[in-house]
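If you're matching them up, the sequences are chains A and B in order. The number in the working numbering is simply the position in the first sequence, starting from 1, with 989 added. The number in the working numbering is simply the position in the second sequence, starting from 1, with 6 added. We treat Cβ as the ideally placed atom computed from N, Cα and C, and that holds for glycine. Shown next, in C-alpha cells, is the structure this report addresses.
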Amino acid sequence: MADNIVGIVSGIEKNTPTEFYVNLFSEDGQSIRVRIGDVVRVSVFYDDQEVIYYGTVYDIISRWDNDVDSGFKEKAVFEQLVPGTRFYLAAVAVTRAFYKGREVFDEPLSVPAPGTPAFLVTEREEVERALRFDELKRRNSHLPVGVMINGQPAYIDLAFVLGENGAHINISGQSGVAAKTSYATFLMAAMLQRGQGDDRYATALREGRYIVFNMKGESLFFLDCESEDWQKAEEGDRQMWSSMYEAMGLNPKWKFPLERILYCGVPKGVGLKMIDEPDIKSRSDAGDNLRVYGWDFIDVIRYHLLELALDQEEMSMSQNMQLLLFSVQEKMEELLERLLSDVDAAVTVFLRKGHVGNSGGKSDIFLRALQNIRCDIPENSYERLRLVLYACNEGPEQILGSYGIPQTVDELTNYLRGAVLGNKAEASEGQEDALKEWSKAIAENEVGTATVFAFIRRLKLAKKEGLSKLWRPFPYTLQGEVTEAPKFNYSVGRAWDRSGGITVIDLSKLHSSMQAFVVGAVLRQVLEAKMANPKATEQPVFIFLDELNKYAPRVEGGAMVKLFRDVAERGRSFGVILVGAEQTASQVDFRVVTQSSTTVVGHQKAAELSHDEYKHLLPRQREMASSVGPGVVFVDQPFLRVPIMVKFPMTIWSTKETTVDTGGRRLGHILG
Amino acid sequence: MDMIFKPETVTMFKMLSLHQGVERSYYDSDFAMWDNLPPLPEDFSGLSVVSCTPVLEEGQVLERLTMEQMSRRIAIVDGVQRLMMRKIQKDGNWVYLVGLAAGAVEVWPKADLLLPTLRRELVLFVPEGSLELPFEDEYYGIPFRSVPYNPRDEKRPLNNIVSEKRSALELSALNQAVTELGGQGILLRDGPLKFGDPLTRANGPVGLVKTLEPRSNVDIFTSFVKKLAFGQVSSLLEMEDKKDQEETGKRRYFAYLRIMDVGDPTSLEGVVRLDLVGPEGSGEELARVVLLAAETVLSLSRVGPYARSPYNLMTVEWLEKHLRALLPDPSVLSIEVAREVTKLGR
C-alpha cells in the first residue's frame, strides 16, 4: 500500500460510518490531487485495533476559509494585499472496511477520527480491493462495464445479472447522448466476449440467447458492420477507445459476428410473395441471416396473442369486450385442442398400422398427409400439427374451416360476423360447421350483437395497423412428399433459441399497437419456452428492449404490464433477463423498474432526476447526471455501496444506419 | 516552502514563545483594553476663543441633501487598529501584535477606497526587557516591526502608544488624500484635526469629532454649543492655544452641528464638532468650508439610533470595515508564525 497522503479527515463537517470528509492538501493553494471517482483509504481505530476504510470521492467543494468573509477581502486576496486560505473538502462514501486484511462486515461500523491522514489509492490491485472487484474476480462473476476516472476498469457482479442473486438491467437516459442503445450493445458485446472463459458464468453468457428489439430506423441491423463514426474519428481518439477496451480485457476490434446474428424484419405485405420478404431495405447483403418474422394461427392461439393485438387501454375500460375477447380466445383454443387431438389420434393409428384406411372421416386427410412424410415426426404436438398440415398437399383452409379455426384475422372476423348474423350471413362451402361452433360460443357467453360488431371493428382496426402481416396464413407450397422437416423460418420461437445467438427483431416499421403485440408475443413465447426448459438458467435469454415506458407504462398498461411484471418478478427463476432502457424511469411501471438489480443512468434531464427512481444515486451524482457528456454513465449494483461513474468507449460496431462497404468486394469481383 | 519571515523575526517569535498557545482577538472593540477608552474629552483647557464668525444666518438651518444635490467630490479618512494576538510572559507582561491601517474612501462620485492613501503596519509590542532582537520585516507587503514598550509606565500606557502610531498612519493617509483630491470637493477626517495636521483649505481637511464630553471651560462650551436646532450650525470659533509655542500663526477652529434631533435642544447627544486648522484670522474664509462640510456631514449621517454611535456616518463604517479587511487574519497569521517557528526548530 503506497502512502500517497492527499489530506486529512476533516472535522468541519459531520462524519459518519458510511461517509466522511477529507480536507485536501494543496501545496500552492490551487492544485489538489483528488478527483471525483478516486479511491481513498483511511485508518479507523476501534478498541485500539486498526480498521482500514476504503471509499470513493463523490463530491469536492472549494471555498475560502473563514479568514476571507467578504467580497472586498476576496478581491484584496487576489491583489495579494492580504493572505487568504483556500479550503478543499472532498466527500467520501465508504465502500469497504478491512480488519487485518479481512473484510469486517458488509457495513462499516465505526467512524474515522478528524485529523486522520487520508491516502489516495492508485494501485490497480488495491483499487479493486476497495471496490470489491477482487471478490468478483475471485468468484469469476465480474463483467466489465466501463472505465473509471482513474483509467481502471469497473465491473458488475454477474450473480446480480444472471438471476443468482438478482437479475435484470435497467438503463435510463436521454436519447441522442450515447447512453442507452450504445451502452446496451456495449454490455451485450462485453457479455459475449466475457463468455469466452471456462467458468460457469462464462458458460451461461456463451450459451445465452440475445434478443434485441430495433426501435428506430434500421439502426441495429448493422451490428456486424464497422461504425462510420469510428472510421471517421481521429486516430488519437481511436487509440484512446482501444486502450479503454484493452483495460477492460475486451478486444477493441471485436464486432458482432454476422454468423451469430439473425436479423428479423416485418413482411413487406400480405401478398403471396411479399409475406416472405422482409421489409429491410439496407441489409439485402445479409443473405440467410435476414428473414421475416410472424406468427401462424397455431402460435396466435397457443400463446393467446390476440389480446395483445387490441388496444390495452380501451379493452381495460369495457368489461363486455373483455368477456368476448376471453371467450373468443377460449373458443379458438378449444377448437385447436380438438384438431390437435385428431391429429394425434391419426398419428397413433398411422404408426400402428402404417397404411391408409378409408373411414371417410376427417382423419383420412391426416393419414394421407402422414404417408407423404419421409422425415421424423416431431414429439411436440404443435410441431406435429404443423408438419401434418404442411404435408396435406392441399391448402389448410378446408381442414381448418371444418374445425372453425381461423387461419387469419380475416377469417376470425368472418366467423364472428357469420355467428352473429346467423342465416343472413353468406357462408361459404364447408364453413357451416364452423359457423355453428362460433354461434354456440357467442350464445353461451350471452354477448350482445353490438359488442360483437364492436369487437369486429377493433379487429379490423388491428388488421389495418398491420396485424395481418404478423398473423400470417399457414405456408402452403408443397406438392408431393416431405423429405425434410420444413423450417417455418418466420417463426420467432425457432429463431431466438440458438446458443449465443443474437436475434434482432425490427419494430420500427410497425404501428405502435403492433410493436406492443410483437414485444408481448416474443416475451410470451420466451417465457413459456423457458418455463418448460429444465436448463433455463444455464441458457439465459437476454431481452434488450428500448422505450420500456411504452410497453410497461406506470399507468394503464393492461395485459402488457402484467407480462412485464411477470418477466421482472419471475423471469429471473427461468433465466429470462430483461435489459430494459427508457428515457424516463419514472414513467415505467414501478414493479418492473424496481426489480432491476443493476441500474444504469446516463445523461438525464434534471427534472427527471428529481424522481424517486434516481434516489439510489448520491446527490452530487444526480446533479452530474444532468450534465455528463456522451459515453458517461452511473452504474449501480447491490454488491457495491456507491454507484460508480464510468465511461465506456465508442463502439466499433455500428448502432446506426450506415453504408455497408461492399464496393471493395464488387471491384474485386470485376478485377477477378 | 519558502520562509515567510526573515530569520531574525522568527528567532524573535521563538524567544517570545509566540508559537505556543497564542491567544487571538479580532477587532479593537472586542477587547477590554481597547474598548473602554474614554471618549476624547471636549477639552478646552489651554484654549481660548479669539474670534467668532457666524456660519449661518440667525434661525437658518441646513437640510439633508442627496449626493447628486451636493454634487461634490467627497472623501473621508479614517484609521483602524486590530489586536492580533498576545502571549503572557513569565514575568506577567504581555506581547501584543497589533495591526494598524488608515486610508481614505471616496464617497462620491465613486464609492471606493483610494488605494494610494492606504497605509498599513503590523507592530509587535514587546515589553522592554524582552526585546533583545528588534526586527523590521514584511508580511504580504505590510511593514512589520517590533516596538518596545514599558509595561510599568503609567503616563504613557500602551494604548496611547498604539494610538499615536495609528494617528501617524492616519496623518500620512490624510496628506496623501489631500494630494489625491487635488483641491476638489471636501475631505473629512474621522477625528480631530490638530496643529500637526494639514491646513484646512477650500476642500478641507475638516475633522469630524462625533462624541463630545465637556471637561473644562464648560461655560464657553455651553454658551456656544447648546440649544442648537437640528441642522443648525454654531458660529466658527477661532481658538488660540496658550501652551503651544511652536505653531505660532496657526489656529484651531471649531464649529458645532446638530445632526440628530433628540427632542432636547440642551442635550449634547446628536451634536458633532467640525475641526479645522488655519492661519490666524481666517475665520471668514473658513466659514465657507465649514458650511460645505456641515452640509456634507448632515447629508451623509444616518437617521435613527445606532448602537455604537448614533452620529456615525455610514461611509465611515464602510471604510473601517474595509480597512480591517485589509489587515491579515489573526488566526492565519498566528498559524503562520507557529509554522515558521517549527520550521526553524527543525
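- With respect to the 8 Å criterion, D1495 (chain A) and G1254 (chain A) are classified as neighbours on the basis of their beta carbons.
- Residue burial annotation: Y1603 (chain A) is buried, with at least 16 other C-beta atoms found within 10 angstroms of its C-beta.
- Against chain A, a Cβ distance below 7 Å from L332 (chain B) picks out A1065, L1070, V1071.
- Taking a Cβ-Cβ threshold of 7 Å, the residues of chain B close to F1061 (chain A) are H328, A331, in chain order.
- In this structure, D118 (chain B) sits away from D196 (chain B), with a CB-CB distance that is not shorter than 8 Å.
- The alpha carbon of G135 (chain B) has as its nearest neighbour, out of B:R125, B:P122, B:N99, the alpha carbon of B:N99.
- Per the Cβ contact rule, the stretch 1123-1136 of chain A is in contact with the stretch 1172-1180 of chain A (3 or more Cβ pairs under 8 Å).
- Restricted to the stretch 1244-1307 of chain A, the alpha helix (DSSP H) segments that are unbroken, complete and at least 4 residues in length are 1286-1291, 1295-1298, 1301-1306, listed in chain order.
- Beyond the five residues adjoining it in sequence on each side, L1324 (chain A) comes within less than 7 Å, by CB distance, of Y1392, G1393, I1394, E1426 in the same chain, given in chain order.
- Note on geometry: alpha-carbon atoms of S305 (chain B) and M73 (chain B) lie some 8 Å from one another.
- Of B:Q238, B:G189, B:A293, the smallest CA-CA separation from M266 (chain B) is found for B:Q238.
- Residue state for I341 (chain B) is assigned as helix, using DSSP reduced to three classes.
- The beta carbon of K1645 (chain A) sits closer than 6 Å to the beta carbons of S1208 from its chain, once the five residues preceding and following it are set aside; these are given in chain order.
- Within the stretch 334-346 of chain B, contact with chain A at the beta-carbon level (separation under 7 Å) is assigned to P334, D335, S337, V338.
- M1634 (chain A): member of the beta strand (DSSP E) spanning 1633-1636, first to last residue.
- Secondary structure note for A1474 (chain A): it is in no alpha helix (DSSP H), with a DSSP letter that is neither H nor E.
- Around G147 (chain B), the beta-carbon contacts reaching into chain A at under 8 Å are Q1069, L1070.
- By the neighbour-count criterion, in which 16 or more other beta carbons inside 10 Å mark a residue as buried, F19 (chain B) falls on the buried side.
- If you draw a straight line from the Cα of K1452 (chain A) to the Cα of Q1420 (chain A), it is about 22 Å long.
- Beyond the five residues adjoining it in sequence on each side, A1193 (chain A) comes within less than 7 Å, by CB distance, of L1151, E1527, P1529 in the same chain, given in chain order.
- In the three-state scheme derived from DSSP, where H, G and I count as helix and E and B as strand, P1619 (chain A) is classed as coil.
- Residue contact check for D1146 (chain A) against chain B: no CB pair falls below 8 Å.
- Here A261 (chain B) is actually not in contact with V215 (chain B); their C-beta atoms are around 11 Å apart, not less than 8 Å.
- Note on the stretch 1130-1168 of chain A: whole beta strand (DSSP E) runs with a minimum of 3 residues are 1131-1136, 1142-1146, 1156-1161, in chain order.
- With the rule of 3 Cβ pairs closer than 8 Å, the stretch 1474-1486 of chain A does not count as touching the stretch 1423-1442 of chain A.
- Taking the Cα positions, G1000 (chain A) is about 16 Å away from S1051 (chain A).
- Your pair L1294 (chain A) and F1506 (chain A) checks out as a contact, with CB atoms roughly 7 Å apart and the cut at 8 Å.
- When beta bridges are read from the DSSP output, N1203 (chain A) appears opposite A:D1495.
- When 7 Å is used as the limit between beta carbons, D1056 (chain A) is near these residues of chain B: D335, S337, V338, in chain order.
- The three-state reading of DSSP puts L1450 (chain A) in helix, counting H, G and I together.
- Looking at the DSSP output, F19 (chain B) bridges to nothing.
- Taking the Cα positions, V1201 (chain A) is about 15 Å away from N1278 (chain A).
- Sequence-distant Cβ neighbours of R70 (chain B) in its own chain, meaning closer than 7 Å and more than five residues away, are L304, S305.
- Membership of Y1190 (chain A) in any beta strand (DSSP E) is not indicated; the residue belongs instead to the alpha helix (DSSP H) covering 1189-1196.
- Inside the stretch 1525-1569 of chain A, DSSP marks whole alpha helix (DSSP H) runs of 4 or more residues at positions 1537-1540, 1547-1563, from first to last along the chain.
- Sequence-distant partners of N1309 (chain A) (beyond 5 residues in either direction) whose C-beta falls short of 6 Å from its own C-beta, in its chain, are T1440.
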